[in-house]
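J.:
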Amino acid sequence: MMPQIQVDKGAIKHVLRGSNIMCPGVTSPGGKLDDVEANTVVQIRAEDKEFPCAVGITTMSSKEIIEINKDMCIENIHYLNDGLWNFKIET
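Pasting the structure below:
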């Protein structure tokens with residue numbers, strides 16, 4: 001299964017607009033992260049939600065995310081209702 005990262009409630013609206021994920025959104029009390037290395041594909045879940053709302057690639061390891069706790073930590077590559085989500089194949 002794909003590793004999971006959970007963002008806090010304050011980050012959800014930004015993630016769903018395509019923003020990259022910042023360390024504080026993951027290290028705050030509402031955030032959670034699996035043990036991952038940099039350049040790992042991860043599913044991004046929102047606090048208090050059951051299913052992922054985005055997919056991203058980590059730009060640093062979980063250890064670095066906790067230690068540095070600033071800057072971008074995940075590149076958001078696909079999110080709920082983006083162009084890929086809404087893509088339709090014409091037949």
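In the UniProt record's numbering, the protein residues as written are 1 to 91. Each residue gets a CB set at the ideal place from its N, CA and C atoms; glycine is no exception.
With DSSP as the reference, label Ile25 as helix, strand or coil.
T.: Note that residue 25 is Gly in the sequence shown, not Ile. Three-state result, Gly25: helix.
J.: Can you give me the C-alpha to C-alpha distance between Met1 and Gly30, rounded to a whole angstrom?
T.: 22 Å
J.: Closest to Met60 by CA distance: which of Ala46, Val36, Glu47, Lys13 is it?
T.: Nearest C-alpha to Met60: Val36.
J.: List the DSSP bridge partners of Met72.
T.: Met22
J.: Looking only at its own chain, which residues have a Cβ that is under 8 Å from the Cβ of Ile68, when we skip the five neighbours before and after it?
T.: Cys23, Met60
J.: If you count every other CB in all the chains shown that lies within 10 Å of the CB of Val41, and 16 or more means buried, which is it?
T.: Val41 comes out exposed.
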